[in-house]
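Residue numbers (the numbering used here), protein chains in the order written: chain A, 1 to 338; chain B, 1 to 338. What follows is one structure encoded as structure tokens, with my remarks underneath.
2 protein chains.
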Amino acid sequence: MSRFFTIAVDAMGGDFGPRVTVPATVEALKRYPGLTILLVGQPDAISPYLKKLPDSLSGRLEIVPADDVIGMDEKPSLALRKGRNSSMYRSMQQVSDGRAHACVSAGNTGALMAMGRRVLKTLPGVDRPAIVTAVPTTHGHCYMLDLGANVDSGASHLLQFAVMGSIMTRAVEHIEAPRVGLLNIGEEEIKGNEQVKLASRLIEDYGRLNYIGYIEGDDVFAGRADVVVCDGFVGNIALKSAEGVSRLISRKVRSSFSRNPYRRLLAWLARPVLRELQAQLDPSRRNGASLLGLQGIVVKSHGGANRKCFGFAIDQAVAEVETDVPSRISEQLAASLV
Amino acid sequence: MSRFFTIAVDAMGGDFGPRVTVPATVEALKRYPGLTILLVGQPDAISPYLKKLPDSLSGRLEIVPADDVIGMDEKPSLALRKGRNSSMYRSMQQVSDGRAHACVSAGNTGALMAMGRRVLKTLPGVDRPAIVTAVPTTHGHCYMLDLGANVDSGASHLLQFAVMGSIMTRAVEHIEAPRVGLLNIGEEEIKGNEQVKLASRLIEDYGRLNYIGYIEGDDVFAGRADVVVCDGFVGNIALKSAEGVSRLISRKVRSSFSRNPYRRLLAWLARPVLRELQAQLDPSRRNGASLLGLQGIVVKSHGGANRKCFGFAIDQAVAEVETDVPSRISEQLAASLV
Chain A
1 MSRFFTIAVD AMGGDFGPRV TVPATVEALK RYPGLTILLV GQPDAISPYL KKLPDSLSGR
61 LEIVPADDVI GMDEKPSLAL RKGRNSSMYR SMQQVSDGRA HACVSAGNTG ALMAMGRRVL
121 KTLPGVDRPA IVTAVPTTHG HCYMLDLGAN VDSGASHLLQ FAVMGSIMTR AVEHIEAPRV
181 GLLNIGEEEI KGNEQVKLAS RLIEDYGRLN YIGYIEGDDV FAGRADVVVC DGFVGNIALK
241 SAEGVSRLIS RKVRSSFSRN PYRRLLAWLA RPVLRELQAQ LDPSRRNGAS LLGLQGIVVK
301 SHGGANRKCF GFAIDQAVAE VETDVPSRIS EQLAASLV
Chain B
1 MSRFFTIAVD AMGGDFGPRV TVPATVEALK RYPGLTILLV GQPDAISPYL KKLPDSLSGR
61 LEIVPADDVI GMDEKPSLAL RKGRNSSMYR SMQQVSDGRA HACVSAGNTG ALMAMGRRVL
121 KTLPGVDRPA IVTAVPTTHG HCYMLDLGAN VDSGASHLLQ FAVMGSIMTR AVEHIEAPRV
181 GLLNIGEEEI KGNEQVKLAS RLIEDYGRLN YIGYIEGDDV FAGRADVVVC DGFVGNIALK
241 SAEGVSRLIS RKVRSSFSRN PYRRLLAWLA RPVLRELQAQ LDPSRRNGAS LLGLQGIVVK
301 SHGGANRKCF GFAIDQAVAE VETDVPSRIS EQLAASLV
């Protein structure tokens, strides 16, 4: 992989648009001397944030005009129909035309996935692309997929998720043989539902993964696996439940520490500790979910990401470009899954 | 409902057996002057914990001998075959024979559910009993079901869970029209999987619930609904993920507050706050999951519950006896679901 690479940034996506995406882009250009960024969107909305840009950076930044913006609540089918001139569609087109190595958008996930399938197409051997993201664990993080791109996934889809997740984790995290766990429940004698039981046999038969078998919901956060595989319905609910609890706890901590003047003093003294905890638990800290299984790299940022968080999504795209995740997936799938 | 009632306690269940269950029983007798408890299990294992029991209490306590103990990891089918002389089976038999109004066990969930179906039978109109428990939310708690008794639940099962959960919440929490939410994901245009979409229509058509529609994983903990309905596979994973994150956060708080002497001093000063938080977030604080849909009241305690927590499970059984939850479910189902 060349040390010079280009990323298309959907400047209009997310809750804040250019106000967040453009400054984050400028910061990224400073971090990566070999990086060029194509800022895709309405030039009039973008340029106000580019004043006083030093020449050393402006030479590696280009505005690609796109008039339309896909709304955060827009239905994927509608976005597809009207979206050919949207910043999201055009960003992806930069990748399919070979002008960019990856694209990053904070736009709506459904539309992004639909456009990814339409514009970039899935890799041979992949029936359904999946959404993957890093989830915090005791000693670091693991990668979990799928997180909502697919519901009612069959066993063979779960196997594909396992393969894709393992390849990505090996590439991006430099783990030789990532431990792959299949999300299941432990209460029932029958141990889980039909597709999970079948998927477990398929992954075992496949034989090329470091498959550690079933793991339960709490094991995910204890770091028992490097890759956690599940259906998108289940994964989305597990992750959102985790976020919900985390938010509930933050709220209780704040209210507990503000009940009386003595406690408020304690909170003030414990400021650095509380801030550090907040940062560790902030789900947007490791911002950037990847759409895996497409013929190109697409990273989805949280819609509400601030400049720093949107920067993490760009970092994620850079890491995937540097390790060329799609080609690796494609090679392994071509070699094995027919 | 009479103010005099009897509860059968599986004295041998859980990780600690009589060491926890017997003292918890004695405490409960003190709390409820109208309560009689049948302690079911090995008399030799139980009686050492009953020394020095005042006569005022011993008159309301009876040991029901049962020689066998169902192991925490025993498969439900095996437990059923060999279990007729087990403390778990005998406890349930007290209910089916009309000698007790409810039973409480900290034994393994799968075996408990299998025995419940065998010994107590399901209520007319209920295809599948469900496991329900209280989940903490911003302003209190909500009830979530199913948590693992059923996987691959069909839409009609989800409707039955909604009805049972609503009736129980109304009875136990004295909420006139509990808000019922159906757990779903928001990312996909198609909004969730097939059985959830169908279940939503069935619940709407049913018309007698305060149905607020779909809710997402994070909404559960924000308290958007009083009753959260889902398939047991999904519910189990959501709840265990929540527990996993909560444990992860506790661990991070402890390690953050012990990094250096200054922080350890802060932790010492903030002791009451941290302890209060721990208590609020302790999942076993509201201990006691109910098996709903059986012809009798069965409450399952956490296996690792201590005396105080096992006491909460007894409280839960008392609340369900006082409000006669099974009869209410049976009446409403008989009147509506044919």
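Ideal Cβ placement from N, Cα and C applies to all residues, glycine included. Remember, predicted model here, so these are calculated numbers, not experimental data.
Does any residue of chain A have a CB that is nearer than 8 Å to the CB of residue i?
| i | result |
| --- | --- |
| B:F377 | The shown model of chain B, from 1 to 338, leaves out residue 377 of chain B, and the question about it has no answer. |
| B:D97 | no |
| B:S200 | no |
| B:D240 | As written in the sequence, residue 240 of chain B is Lys, which differs from the Asp given in the question. With 8 Å as the cut-off, B:K240 counts as an interface residue toward chain A. |
| B:K252 | yes |
| B:I249 | yes |
| B:P261 | no |
| B:I46 | no |
| B:V151 | yes |
| B:D218 | yes |
| B:S256 | yes |
What separation, rounded to the nearest whole angstrom, lies between the Cα atoms of residue i and residue j?
| i | j | result |
| --- | --- | --- |
| A:I70 | A:C230 | 29 Å |
| A:E189 | B:K75 | Because the pLDDT of A:E189 is 48, which lies under 50, any placement of that residue in the model is unreliable, and the question is left without a value. |
| A:E176 | A:R170 | 6 Å |
| B:D55 | B:V26 | 12 Å |
| B:D315 | A:L333 | 55 Å |
| B:K51 | A:R259 | 44 Å |
| A:P124 | A:A134 | 25 Å |
| A:Y206 | A:G192 | 20 Å |
| B:R271 | A:L274 | 15 Å |
| B:N108 | B:S301 | 9 Å |
| B:G235 | B:R19 | 31 Å |
| B:R81 | A:S200 | 29 Å |
| B:G165 | A:V163 | 40 Å |
| B:L269 | A:L266 | 8 Å |
| A:H141 | B:A28 | 44 Å |
| A:P178 | B:E204 | 45 Å |
| B:A111 | B:S58 | 30 Å |
| A:V338 | A:M92 | Low confidence applies here, because A:V338 scores a pLDDT of 46, under 50, leaving its location unreliable; read the following figure in that light. If you take the alpha carbons of A:V338 and A:M92, they lie about 28 Å apart. |
| A:M12 | A:F310 | 12 Å |
Assuming residue i and residue j are in contact, meaning their beta carbons sit under 8 Å apart, how far apart are those beta carbons, in whole angstroms?
| i | j | result |
| --- | --- | --- |
| B:V321 | B:A106 | About 18 Å separates the two Cβ atoms, so there is no contact after all. |
| A:A238 | B:S241 | 4 Å |
| B:V132 | B:S87 | Not really, about 24 Å apart at Cβ, beyond 8 Å. |
| A:L292 | A:P129 | 6 Å |
| B:V228 | B:V220 | 5 Å |
| B:I249 | A:I185 | Their Cβ separation, rounded to whole angstroms, is 23 Å, which puts B:I249 and A:I185 out of contact at 8 Å. |
Say whether chain B places a C-beta atom closer than 8 Å to the C-beta of residue i.
| i | result |
| --- | --- |
| A:P65 | no |
| A:L29 | no |
| A:V245 | yes |
| A:R307 | no |
| A:N193 | yes |
| A:T25 | no |
| A:M1 | Because A:M1 carries a pLDDT of 46, less than 50, the predicted location of this residue cannot be relied on, and the following value inherits that uncertainty. No, A:M1 does not count as interfacial toward chain B. |
| A:G293 | no |
| A:A383 | Residue 383 of chain A lies beyond the residue range present for chain A, which begins at 1 and ends at 338; the question has no answer from this structure. |
| A:Q332 | no |
| A:E276 | yes |
| A:P136 | yes |
| A:G148 | yes |
| A:N236 | yes |
Reducing DSSP to helix, strand and coil, say where residue i ends up.
| i | result |
| --- | --- |
| A:N287 | coil |
| B:Y89 | helix |
| B:K300 | strand |
| A:P326 | helix |
| B:L265 | helix |
| A:I185 | coil |
| B:D219 | helix |
| A:F4 | coil |
| B:R81 | helix |
| B:I227 | Per the sequence presented here, residue 227 of chain B reads as Val, with Ile not at that position. Of the three classes helix, strand and coil, the one that applies to B:V227 here is strand, per DSSP. |
| A:E320 | helix |
| B:R208 | coil |
| B:E259 | Reading off the sequence shown, one finds Arg at residue 259 of chain B, where the question assumed Glu. Coil. |
| A:V69 | coil |
Along the chain, which unbroken stretches of the beta strand (DSSP E) at least 3 residues long are found entirely within the segment 122-148 of chain B?
130-137, 140-145
Ignoring anything shorter than 3 residues or poking outside the segment 91-119 of chain A, list the beta strand (DSSP E) runs there in chain order.
102-105
What runs of the alpha helix (DSSP H), each 4 residues or longer, lie entirely inside the segment 10-64 of chain A?
18-31, 43-46, 55-58
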